[in-house]
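Structure first, then comments.
2 protein chains.
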Amino acid sequence: MSTTLRNDLLLRALLREPTPRRPLWLMRQAGRYLPEYRATRARAGSFLALCTQPELACEVTLQPLERYELDAAILFSDILTIPYAMNLGLKFETGEGPVLERPVRSASDIDRLIVPDPTRELRFVIDAVALIRRELGGRVPLIGFAGSPWTVASYMVEGGSSKGFARIKRMMYEAPRELHRLLEVLTRATVLYLNAQIAAGAQAVMLFDTWGGVLTPAQYREFSLRSMQEIIAALTREADGRRVPSIAFTKGAGALLGELAAIGCDALGVDWTTDLKSARGYTGDRVALQGNLDPAALLAPPEALRAETQRVLESYGEGPGHVFNLGHGITPEVDPARVQTLIETVRAFTPR
Amino acid sequence: MSTTLRNDLLLRALLREPTPRRPLWLMRQAGRYLPEYRATRARAGSFLALCTQPELACEVTLQPLERYELDAAILFSDILTIPYAMNLGLKFETGEGPVLERPVRSASDIDRLIVPDPTRELRFVIDAVALIRRELGGRVPLIGFAGSPWTVASYMVEGGSSKGFARIKRMMYEAPRELHRLLEVLTRATVLYLNAQIAAGAQAVMLFDTWGGVLTPAQYREFSLRSMQEIIAALTREADGRRVPSIAFTKGAGALLGELAAIGCDALGVDWTTDLKSARGYTGDRVALQGNLDPAALLAPPEALRAETQRVLESYGEGPGHVFNLGHGITPEVDPARVQTLIETVRAFTPR
């Protein structure tokens, strides 16, 4: 684990330290747009097999790094590994997204939940982290991650993906204490999980709050932000004598980025609906920012993609603290050549 | 048409004139949560029949007013009547939402589009407006509406509902001039359509920009806001010697509400993800605000629903200019008794 990290641009930018150029990685950089990913996925037989077999998770994690000059690897996994380890019957139905066969809807459902021991029920993830870290051999840092308690809870209560979040919102209005109990279980589980990832070799961690943006601001503070703050406060701060930066990402946070910046994390993910310039205004430069190209720009012709990428780079303005990324994950229909165009544009960028 | 309007609270509040209490209506107040709506819908045979037969549209428009003390009627219709009148083959598949059999994807598809004459191809809507206005007999004002060009274009290009808006975004990046041509056709069609609704008796109009929030701020300005501004500028300002207020609603506008407030409309719809207090800050009280209860609060027990409603009322603060509404439409699973609880709470409210 003490291999020297040869490219530490990401870690420095996440801590707002100066870097000679802006580092970049891409959410879902290991994914269905890559033919080599689709081949491994076909061999594995299922998405879940990729997540649960460390060798396969390692293989797909490294695929985009073989192809592109990226400044970070991100653990190939899913935000629903915790409910999977809680034995809720996670399945990925083709074209339907995740399904949980045993959703959590009553007080007794919550009573029955166990906090997974990461070295046992989530061992497959921790082993994958260690293996990836070893295979990376210090090329770039490895990012670990987890879903936010609110986001993971929404899948657990809804039983899968949702449009209106009717069930979990009903629970929020009808039985807020029960929902808080569920969030507390998930908060404890997530702290153990992320700290185990750090112990196994993750050099930065990210919390994905995909669904915090469906709440009113008051509900967001109470049911999503608070759990994220508790997690951030309990994270291992250093590994190998180096700070482990934390990134929080609420999709659709908008002007609430200012409050998110105050929970103690080092950086915020920003989606494409907020300009980085506005985001710096909201956060008062207290944190680094990661983002925020519209993932659909990767469907554009090269010239338009370059222009939109340039716009994102310039919108951040001067000074350190920008990690280039998309505002959400790469979609399957993207041409891998476009990702190359994007990366070249970011690497060539020199602020005016 | 010159029947005296006995309850003009809505029109006054939309113009920021003082009212003895805050008026309220509810997006999708005529809808599937009402058993009488479901009965008419079953009799009609399809959702489209309800929209295209003036007597049926009138019947369902008036249903919530028979049941509840609401301060406005809103035309029962759909934001896709314009593509329907353009002969794009609109169908509503059960559980799938709208489908357009002949989507608009190429320059020649756009060339072929006709701007519907509201007195001919959209006659069924205009007749419904006149009929509803007559049947209302001055009880409350009638609100007409249309979709924003960006929102309607998204259905036309995608061929129906969409998650990622990949096709229209690809067009935006690849062929922005073509998309602008499409938006211009829709802008002209929408001006004619809304002015015909006003001529037939609509006393206020609302533009629904359901999907403006999926754009970057720069794209939102160029591809959604601009068309809405052009429409607002071309609307008939007065009817029966009275101002016809206009309401613009971009779901997910967030901090961009400030720019939306500057397009010349009288009021803005606000979804539940922005506090009304923040919205007043963004808009500098230049416009009235309409909103913004989380529609899921109607699934809550009465006490929680009252508390959440009270919170919305109080968040607006003092002074005129608040029209109470939901932040989006009522969902089908709502118990009609909850709507009664909501209405009583709003009507009983007296600002501290």
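Which chain is which? The protein sequence lines are D and V, in order.
One point on numbering: in the numbering used here, the residue at position 74 of the first sequence is 123, and numbering is uninterrupted.
One point on numbering: in the numbering used here, the residue at position 278 of the second sequence is 327, and numbering is uninterrupted.
All C-beta atoms, glycine included, are put in the ideal place defined by N, C-alpha and C.
Strictly by DSSP, which residues pair up with residue i?
i         : result
Pro-147/D : Phe-141/D
Phe-373/D : Leu-73/D, Gly-340/D
Ala-195/V : Leu-256/V
Leu-317/V : Ala-297/V, Leu-338/V
Ala-122/D : Leu-191/D
Gly-209/V : Val-148/V
Ala-288/V : Arg-291/V
Beta carbon of residue i, beta carbon of residue j: below 8 Å?
i         : j         : result
Val-33/D  : Leu-59/D  : Any question about residue 33/D goes unanswered here, given that chain D covers just 50 to 401.
Gly-290/D : Arg-65/D  : no
Ala-79/V  : Pro-113/V : yes
Ile-181/V : Leu-124/V : yes
Leu-73/V  : Leu-119/V : yes
Pro-425/D : Ala-134/D : The question about residue 425/D has no answer here: the residues shown for chain D are numbered 50 through 401.
Glu-207/V : Pro-132/V : no
Asp-315/D : Leu-63/D  : yes
Arg-87/D  : Leu-99/D  : no
Phe-346/D : Tyr-222/V : Looking at the sequence shown, residue 346/D is not Phe but Ala. Against a cut-off of 8 Å, the Cβ pair of Tyr-222/V and Ala-346/D comes out as a contact.
Phe-398/D : Arg-71/D  : yes
Leu-348/V : Glu-382/V : yes
Ala-288/V : Gly-262/V : no
Asp-258/D : Phe-298/D : yes
Cys-107/V : Glu-170/V : no
Ile-392/V : Tyr-82/V  : no
Pro-351/V : Thr-380/V : no
Asn-56/D  : Arg-188/D : yes
Ala-179/D : Ala-249/D : yes
Phe-141/D : Leu-97/D  : yes
Exposed or buried, which one is residue i when buried takes at least 16 other CB atoms within 10 Å?
i         : result
Thr-265/D : buried
Ser-95/D  : exposed
Pro-400/V : exposed
Lys-218/D : buried
Ile-163/D : exposed
Ser-203/D : buried
Asp-384/D : exposed
Pro-190/V : buried
Pro-69/V  : exposed
Lys-300/V : buried
Ser-276/D : buried
Arg-77/V  : buried
Ala-122/V : buried
Thr-143/D : exposed
Thr-239/V : buried
Gly-138/V : exposed
Ala-282/D : exposed
Gly-376/V : buried
Pro-167/D : buried
Thr-101/D : buried
Thr-53/V  : exposed
Pro-67/D  : exposed
Glu-357/V : buried
Report the CB separation of residue i from residue j in whole angstroms; it is logged as a contact under 8 Å.
i         : j         : result
Ala-251/V : Gly-186/V : Actually they do not touch by this definition, with Cβ atoms about 16 Å apart.
Ala-304/D : Ser-327/V : 7 Å
Leu-149/V : Met-205/V : 6 Å
Glu-227/D : Ala-156/D : 5 Å
Gly-313/D : Gln-359/D : Not really, about 33 Å apart at Cβ, beyond 8 Å.
Val-293/D : Val-254/D : 7 Å
Leu-256/V : Ile-280/V : 6 Å
Inter-stretch contact (C-beta, 8 Å, three-pair minimum) for the segment 310-327 of chain V and the segment 336-343 of chain V: yes
contact_flag[the segment 174-184 of chain D, the segment 243-257 of chain D] where n(CB pairs < 8 Å) is 3 or more: yes
Stretch pair the segment 198-214 of chain V + the segment 222-239 of chain V: three plus CB contacts closer than 8 Å: Result yes; three or more Cβ-Cβ pairs closer than 8 Å.
Three CB pairs or more closer than 8 Å across the segment 328-335 of chain D and the segment 309-317 of chain V: no
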